[in-house]
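Participant: Okay, handing you the structure first.
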Amino acid sequence: MTTKKSFSDIYDALQDAMRRNNSVSIKYQKLESTWTTRTINPKRFVVLPERQRTKYGLIGVNAFCHHRQDDRTFAVYRIVKLTTQSQLP
């Protein structure tokens, strides 16, 4: 397990997880300023919809969220901590 905190490290780790089909655990700041921890399987980077963009970023990651059991899009700039998990079968 490896923990990443900087934007570039998080972006690189998400990209690596996509290539390897790995899951990652993220600590994520929601819109209402609360924190949540999710395990996700990143699929692809996307441009965020206009309403989610800020001066801090417009890149999102589309991923399968284990908590919601559905695909979700997470703003990369809101991911404050990422921990890599073991490779999926």
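Quick note: the sequence shown uses the UniProt record's numbering, first residue 1, plus one each step. A virtual CB, placed ideally from N, CA and C, is assigned to each residue, including glycine.
(1) By the 10 Å Cβ neighbour count, where 16 or more other Cβ atoms means buried, how is Y56 classified, buried or exposed?
(2) Can you name the residues that DSSP bridges to V46?
(3) By Cβ distance below 7 Å, which residues in the same chain neighbour Y11 in space, the five residues on each side in sequence not counted?
(4) In angstroms with no decimal places, state the Cα-to-Cα distance between Q87 and F64.
(5) Enumerate in chain order the residues of its own chain whose CB-to-CB distance from Q29 is below 7 Å, with the five nearest sequence positions on each side excluded.
(6) Helix, strand or coil for Q52, going by three-state DSSP, please let me know.
(7) Reducing DSSP to helix, strand and coil, say where S6 ends up.
(8) Could you compute how far the alpha carbon of R51 sits from the alpha carbon of V61?
(9) Rounded to whole angstroms, what is the Cα-Cα separation between V19 and V46?
Facilitator: By the coordinates alone:
(1) exposed
(2) G60
(3) V76
(4) Residue confidence is low: Q87 scores 46 on pLDDT, short of 50, so the model does not pin down where it sits. Its coordinate-derived value is still stated next. If you take the alpha carbons of Q87 and F64, they lie about 15 Å apart.
(5) W35, R78 and V80
(6) helix
(7) coil
(8) 16 Å
(9) Reading off the sequence shown, one finds Arg at residue 19, where the question assumed Val. Going from the Cα of R19 to the Cα of V46 covers about 16 Å.
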